[in-house]
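Trainee:
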Amino acid sequence: MFVDNVKLLNFRNYEYGKVAFNPGANFIYGSNASGKTNVIESIYLAATTKSHRFSKDKEMIMYDKESSKISVSFNSSNRLNRSDIILNNSKKKQLFKNGVPITKSSEMLGFLNVVLFCPDDLRLIKGSPRERRRMIDMGICQLRASYFNALINYNHILEQKNNLLKINPESDQIWIWNHKLCEYGGYISYIRQNYIKNINKYAQAYHSSICKERLHILYNSGIGSISEELTREEFTSYMEKEIEKNTDREIKNKLSIIGPHRDDFTAFLDDKEAKIYGSQGQQRTISICLKLAEVDIIKIDKRESPVLLLDDALGELDSKRQQFVLKNFDNIQTIITGTKQLELENIKNINMIKVEDIHVHSFG
Ligand SMILES: Nc1ncnc2c1ncn2[C@@H]1O[C@H](COP(=O)(O)OP(=O)(O)OP(=O)(O)O)[C@@H](O)[C@H]1O
Ligand SMILES: [Mg+2]
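Position 54 (the sequence shown) corresponds to 106 in the numbering used here; numbering is contiguous.
(1) Nearest to K327 by alpha carbon, out of K178, K343, E211, R266?
(2) Relative to ligand 1, is the shortest distance from any of its heavy atoms to the C-beta of G82 smaller than 8 Å?
(3) Out of curiosity, what's the CA-to-CA distance linking D363 and F54?
(4) Among L366, I384, D382, which one has its Cα closest to the Cα of T391?
(5) Can N214 and S308 be called in contact, C-beta distance under 9 Å?
(6) Output the distance between the C-alpha atoms of E281 and H313, rounded to the nearest integer angstrom.
(7) Any contact between the segment 282 to 295 and the segment 241 to 259? By contact I mean 3 or more CB pairs, one from each, below 8 Å.
(8) Buried or exposed: where does V152 fall if 16 or more other Cβ atoms within 10 Å of its Cβ makes it buried?
(9) Within 10 Å of its beta-carbon, does I262 have 16 or more other beta-carbons around it, so buried, or fewer, so exposed?
(10) Using the beta-carbon count (16 or more within 10 Å), is N252 buried or exposed?
(11) My parser needs the alpha helix (DSSP H) runs of 4 or more residues fully inside the segment 71 to 157; what are they?
(12) Would you identify the three-state DSSP class for M53, choosing helix, strand or coil?
(13) Say the cut is 8 Å; is the CB of R314 nearer than that to a heavy atom of ligand 1?
(14) Just how far apart, CA to CA, sit K145 and N62?
(15) Between which two residues does the beta strand (DSSP E) holding A319 run?
(16) So, is H413 buried or exposed, given that buried needs 16 or more other C-beta atoms within 10 angstroms?
(17) Between E222, I188, N90, which lies nearest to I350 when the distance is taken from Cα to Cα?
(18) Quick one: Cα of I402 to Cα of S180, how far?
(19) Any chance the CB of K88 is under 8 Å from a heavy atom of ligand 2?
(20) Less than 9 Å between the C-beta atoms of A77 and F381, yes or no?
(21) Should N383 be counted as a contact of ligand 1 given a C-beta to heavy atom distance under 8 Å?
(22) Taking 8 Å as the cut-off, does the CB of D173 come closer than this to any heavy atom belonging to ligand 1?
(23) Count the other CB atoms, across all protein chains shown, that sit within 10 Å of the CB of E346; report buried if there are 16 or more and exposed otherwise.
(24) Count the other CB atoms within 10 Å of the CB of N90; is the residue buried (16 or more) or exposed (fewer)?
(25) Leaving out five residues on either side along the sequence, give the residues of the same chain with a beta carbon under 6 Å from the beta carbon of H268.
(26) Check K343 in the structure and name its three-state DSSP category.
(27) Could you tell me the distance, in whole angstroms, from the CA atom of S157 to the CA atom of T100?
(28) In chain order, what residues of the same chain have a beta carbon less than 6 Å from the beta carbon of K59, not counting five sequence neighbours either side?
(29) So, for I295: in the same chain, excluding its five sequence neighbours on each side, which residues have a beta-carbon less than 6 Å away from its beta-carbon?
(30) Regarding D363 and ligand 1, is the C-beta to nearest heavy atom distance less than 8 Å?
(31) Which ranges does the beta strand (DSSP E) cover as unbroken runs of at least 3 residues, wholly within the segment 188 to 240, from first to last along the chain?
(32) Could you tell me the boundaries of the beta strand (DSSP E) in which M404 lies?
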């Protein structure tokens, strides 16, 4: 799939913003703070309904404006589609698929598929488990609306259970929450286990083509130390047993300590944990391979390539790794940002976009 054009109204520093893209490589260039990442963010938002910068809706609306509109027209299976989002200061955001209003964010996911590369990707190795869970979740949510809904339900129940653990930990009600928690928790764990298995498979292959060390990505379940693959039902009953075993600890800590909200994954290079022993370059290479694996998974599942958003991601790489990334992006739409044009001499037919030209006076 590829983005055909983007229109922005009162979005960040764009009062009116308009840009057309090529199906191949596109490079948005301009000075710092000129609005390059804002364009990437708008496309990511149209695809996922969320900002990749963790920004709140209000923060993306141009200062002193009441609302903002983002329209992304894209080609998918040879059809032109449009994803519109209206961000509002004083009410919930509104979502539209080809002009038809939709009420649930989950219905928007998977309509436009994107994979984002940015300098922050290093945090997939160095950052907190929460950041790694977010990467996995964003990857899976674009493929399965049922997973997105399960996550919302799980988090809602978890919050209820934690509240009860604080107010009345001995209440029988806890077991009603636990039962529901394990049902969703089993499903989430099962899907994550399989997703990470696939990520491992593809990332390993990419990694071995540029490095001699063997990469291995391991799923660490927040339910317990599980060494074999489990079915969904097995995860659910394992979680029920572990919660039962840890009831006293949960009551003492007034917190749910068992469940996929404690999930993580670990990257190993030749069986040494990359977070602890890996160099900056090795960690960056792993994070690139994780992203390339995400692209493959979407491609296979959707039978169509996602759109790749590379925000300042190439400048951080040495030329060998730049070549490696670009070589793997043939036949896929890429929207790249950067302040300088150095790294792009190897891309053919690149559409050069000056960020100043995106700022227009009207859509007329
Ligand atoms: N809500 C908002 N309203 C108006 N302007 C905003 C808003 N949020 C951010 N900005 C402006 O957007 C600009 C930053 O845009 P962006 O992050 O896209 O820059 P960039 O071109 O990617 O820069 P860099 O090269 O430093 O990454 C800043 O000038 C900032 O003040
Ligand atoms: Mg930027």
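The beta-carbon is built from N, C-alpha and C at its ideal position, and this holds for glycine as well.
Mentor: According to the structure shown:
(1) The shortest C-alpha separation from K327 is found at K178.
(2) Yes - ligand 1 has a heavy atom lying nearer than 8 Å to the Cβ of G82.
(3) So the alpha carbons of these two residues sit roughly 17 Å apart.
(4) Residue L366 holds the alpha-carbon nearest to the alpha-carbon of T391 among L366, I384, D382.
(5) Less than 9 Å divides the Cβ of N214 from the Cβ of S308.
(6) Straight-line Cα distance between these residues: approximately 19 Å.
(7) In short, these stretches touch, since the Cβ pair count reaches three.
(8) In summary, V152 is exposed, with fewer than 16 beta-carbon neighbours lying within 10 Å of its beta-carbon over all protein chains present.
(9) In this structure I262 is exposed. Its beta-carbon is surrounded by fewer than 16 other beta-carbon atoms within 10 angstroms.
(10) Counting other Cβ atoms within 10 Å of its Cβ, N252 reaches 16 or more and is therefore classed as buried.
(11) Whole alpha helix (DSSP H) segments, 4+ residues: 88 to 100, 109 to 112.
(12) In the structure shown, M53 sits in coil (DSSP, three-state: anything other than H, G, I, E or B).
(13) Result no, Cβ not under 8 Å from ligand 1.
(14) Spanning the two alpha carbons is a distance of roughly 14 Å.
(15) From DSSP, the beta strand (DSSP E) with A319 extends over 316 to 321.
(16) Exposed: under 16 other Cβ atoms inside 10 Å.
(17) Considering only alpha carbons, the answer is I188.
(18) Cα to Cα, I402 sits roughly 36 Å from S180.
(19) Yes - ligand 2 has a heavy atom lying nearer than 8 Å to the Cβ of K88.
(20) Closer than 9 Å, so yes.
(21) N383: no, Cβ never under 8 Å from ligand 1.
(22) For ligand 1, not one heavy atom lies less than 8 Å from the Cβ of D173.
(23) Residue environment for E346: buried (at least 16 other C-beta atoms within 10 angstroms of its C-beta).
(24) Taking all protein chains in view, the Cβ of N90 is crowded by 16 or more other Cβ atoms within 10 Å, so the residue is classified as buried.
(25) Closer than 6 Å at Cβ, skipping near neighbours: F320.
(26) Helix, per DSSP.
(27) In a straight line, the C-alpha of S157 is about 8 Å away from that of T100.
(28) The residues are K70, S123.
(29) For I295, where only same-chain residues beyond five positions count, the Cβ hits under 6 Å are N230, I310.
(30) It does: the Cβ of D363 is within 8 Å (strictly closer) of some heavy atom of ligand 1.
(31) Listed in chain order, there is nothing to give.
(32) First-last of the beta strand (DSSP E) with M404: 403 to 406.
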